[in-house]
Structure formats: C-alpha cells, structure tokens
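In my numbering, the protein residues as written are 1 to 270. See structure below.
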Amino acid sequence: MPELPEVETVIRYLQPYLASKTILKLLHHNDYSNVFSSHSPKEISRSVQGQTIQKIWRRGKYIVFTLECGYLYFHLRMTGQLVTTIENQNHKYITAELFFSDKTSLYFKDYRKFGRIGYTQSLSCINQLVGVEPLGSWFTMPRFQKELKKRKWQIKPLLLDQSFICGLGNIYVDECLWRSCIHPQTTSNKLQSKNVEMLYQSIVTILREAISLNGTTIINFQYGENNVGNFKQFLKVYARERLPCFRCKNKIKKVFIGQRGTYFCNICQR
Numbered sequence: 001m002p003e004l005p006e007v008e009t010v011i012r013y014l015q016p017y018l019a020s021k022t023i024l025k026l027l028h029h030n031d032y033s034n035v036f037s038s039h040s041p042k043e044i045s046r047s048v049q050g051q052t053i054q055k056i057w058r059r060g061k062y063i064v065f066t067l068e069c070g071y072l073y074f075h076l077r078m079t080g081q082l083v084t085t086i087e088n089q090n091h092k093y094i095t096a097e098l099f100f101s102d103k104t105s106l107y108f109k110d111y112r113k114f115g116r117i118g119y120t121q122s123l124s125c126i127n128q129l130v131g132v133e134p135l136g137s138w139f140t141m142p143r144f145q146k147e148l149k150k151r152k153w154q155i156k157p158l159l160l161d162q163s164f165i166c167g168l169g170n171i172y173v174d175e176c177l178w179r180s181c182i183h184p185q186t187t188s189n190k191l192q193s194k195n196v197e198m199l200y201q202s203i204v205t206i207l208r209e210a211i212s213l214n215g216t217t218i219i220n221f222q223y224g225e226n227n228v229g230n231f232k233q234f235l236k237v238y239a240r241e242r243l244p245c246f247r248c249k250n251k252i253k254k255v256f257i258g259q260r261g262t263y264f265c266n267i268c269q270r
C-alpha cells in the first residue's frame, strides 16, 4: 500500500497538471460502486460539476482536492493510481474519470478495486480517522515522547495505527525501528528517552529521504507515466530476510506482528 512518501510523490506529480482545472463531470466506467465511499457516483458527479480545483494536498494517506465548495478525496489503498492517460481508451480497470473543461481527464485506475473516492463538505470525516502528521509542526519530540508514555502498545502496531501517526506503513516503520535500534515488539511506554529521540529523528529523516527519491516501489507503486520510486535501493531492513544486517552482519529475521510481516535484526534491535 502506498505510504506517505508515495502519496506525496503522486501529489507533486499531479499539481502542475491539475492546477486550476474546472471539473465538468465524474464518469463511472464499471459497476463496482463500493469504491465510492461517501455518495453514489452520480451524487459525487453532481457535487463536483463546474467546480475548479483550488489546491491538491495530502492528509495522511488521503489525496485531497480542495474545490470551491467542499473536498474531493482519494485513497489509493493497494493498487490505486491517478493517471492522466490510458492506453487505447481501455477502461477495464478505470473506476472513475474526472473530465475537465479543457477536454483533458484524470483517471482513477485500480486493478483490485480497494481504492476509495469520496466527496465531503467538511474534512472532519477524514480528520477523525487520522492522527498527527509526522512532517507537520505539531509533531515534536516532547509531544511524541508524551504520547508514547500514555500507551502500552507494542511499538510497531502503534506506529502503524493511522489515528496515532498518519502516513506510516509497513516499509517505513520497519526502517525507522531498525535505524533506531528498537525491537518492533517493545512496549511503547518502556522506551528509553534516547531511543525515543532516535525514533523521532528516524521518522522525520527517512520520510524526507523517501520523498526526495519519489517513494519506494517494491511491487506495483507507480506514478505518472509508469514512473517508479527509487528509495528501494536505500532500504536497510525491509524485505531483506536472511540477508546480513548492514550494522552487525547478523541475518535479518522476519516475523509476523499484528498480522504484518516484520523485518528486524535481533542483535541490533533487542
């Protein structure tokens, strides 16, 4: 599933293309209506018709279009993509199409149909689901430490909880915990101050590094015209089971924590 750096990459790619475009209508090209999470396709089309896109931004893993009235939002989930062209007008995997006044389109392409599209007058429906932005001004070391002390969760599931910190997923949590020398099953309120500080710095630094390289493509993340993310070559632990740890040369282990595949070094991350 695309995480914060991948979603940010998609937004930065789309911003020049979509700036100030006016939506004529939303087209629904197949019968899978569960993709539309807030209203029916016809209702969303009526809501966005004639509206101009004011801003394109991210809230957690949600892509948000600020319109003149309300917000159109997308969640890519596993295989969702926002693309500006499709081959031979093949709509087989196209869930929705935004058709603009300049005769261009934006397509929501999704092979597995897990992605979601919605329209809302207020962002409260999203804000109540997602927590603090890890690259925002509210995310400070003292606040992070205070919130960790309040909870008695294993640190990996806690970091994956979007209502706690939004945007982190399996790849970047494993990378941050490895860089911080923290075992993924450590209870959050038992972390030492030095480890919390290392974790805080790792989250901010790794996310920024990944954004600068357009995210991580492991299997199917693409943006634009089949562009891929380049952070994969800098991964230190994720998907490296049985390979030597970059710090101690011990073999990386894989276990399942909260039903999520988890990579770590049991020497460096005690």
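Think of the CB as a built atom: it goes at the ideal place given N, C-alpha and C, for glycine as much as any other residue. Everything numeric in this text was worked out from a predicted model, so none of it was measured.
Could you check where the alpha helix (DSSP H) with Asp174 kicks off and where it finishes?
DSSP places Asp174 in the uninterrupted alpha helix (DSSP H) bounded by 170-179.
When we look at the beta-carbon of Ala19 and count the other beta-carbons within 10 Å, is it buried (16 or more) or exposed?
Exposed, since its Cβ has fewer than 16 Cβ neighbours within 10 Å.
Could you give the residue range of the alpha helix (DSSP H) that holds Asn225?
It is Glu, not Asn, that sits at residue 225 in the sequence shown. Looking at the DSSP string, Glu225 is not in any alpha helix (DSSP H), and its letter there is neither H nor E.
Buried or exposed for Glu8, going by 16 or more other Cβ atoms inside 10 Å?
Classification of Glu8: buried, given that the 10 Å Cβ count is 16 or more.
What separation, rounded to the nearest whole angstrom, lies between the Cα atoms of Phe144 and Cys265?
Approximately 24 Å, taken between the alpha carbons.
Output needed for Gly118: all residues of its chain with C-beta closer than 6 Å, excluding positions within five of it in sequence on either side, in chain order.
Listed in chain order, the non-local C-beta contacts of Gly118 below 6 Å within the same chain comprise Ser37, Ser38, Tyr73, local neighbours out to five positions each way being set aside.
Thr205 (DSSP reduced to helix, strand or coil):
Helix at Thr205.
Just list the residues that DSSP pairs Ala19 with in beta bridges.
None; Ala19 has no bridge partner.
Around the Cβ of Gln50, are there at least 16 other Cβ atoms within 10 angstroms (buried) or fewer (exposed)?
The question names Gln, yet the displayed sequence has Gly at residue 50. Around the beta carbon of Gly50, fewer than 16 other beta carbons sit within 10 angstroms, so the residue counts as exposed.
Going by the CB atoms, is the gap between Gly131 and Phe164 shorter than 8 Å?
Yes, these two residues count as a Cβ contact at 8 Å.
From Ile155 to Lys21, what does the alpha carbon distance come to, in whole angstroms?
In this structure, the straight-line span from the alpha carbon of Ile155 to that of Lys21 is close to 43 Å.
Ignore the nearest five residues each way along the sequence and tell me which others in Ser105's own chain have a CB closer than 6 Å to its CB.
Taking Ser105 as the centre and dropping the five residues before and after it, the same chain places the C-beta of Glu97, Phe99 closer than 6 Å to its C-beta, in chain order.
Counting only the same chain and skipping the five closest in sequence on each side, list residues whose C-beta sits under 8 Å from that of Arg240.
Excluding sequence neighbours, Arg240 sits near Ile252, Tyr263.
What three-state label does DSSP hand Arg270 in the structure shown?
DSSP places Arg270 in the coil class of the three-state scheme, outside both helix and strand.
For a quick check, are the C-beta atoms of Tyr62 and Tyr223 less than 8 Å apart?
Contact: no.
State the beta-bridge partners of Ile165 as determined by DSSP.
Answer is Val132.
Asn189, DSSP secondary structure in three states:
Three-state result, Asn189: helix.
Over what stretch of residues does the alpha helix (DSSP H) that includes Val255 continue unbroken?
Segment 253-257 is the beta strand (DSSP E) holding Val255; no alpha helix (DSSP H) there.
C-alpha distance - Gln259 paired with Leu76, whole-angstrom precision:
Each residue's Cα considered, the two are about 21 Å apart.
Does Val237 come out as helix, strand or coil in the three-state DSSP assignment?
Per DSSP, reduced to three states, the secondary structure at Val237 is coil, with no helix or strand assignment.
Which residues does DSSP pair with Ala96 in a beta bridge?
Note: Ala96 sits in a beta bridge opposite His28, Phe108.
For Leu148, which of Glu175, Glu197, Val228 has the nearest alpha-carbon?
Ranking Glu175, Glu197, Val228 by Cα distance to Leu148 puts Glu197 first.
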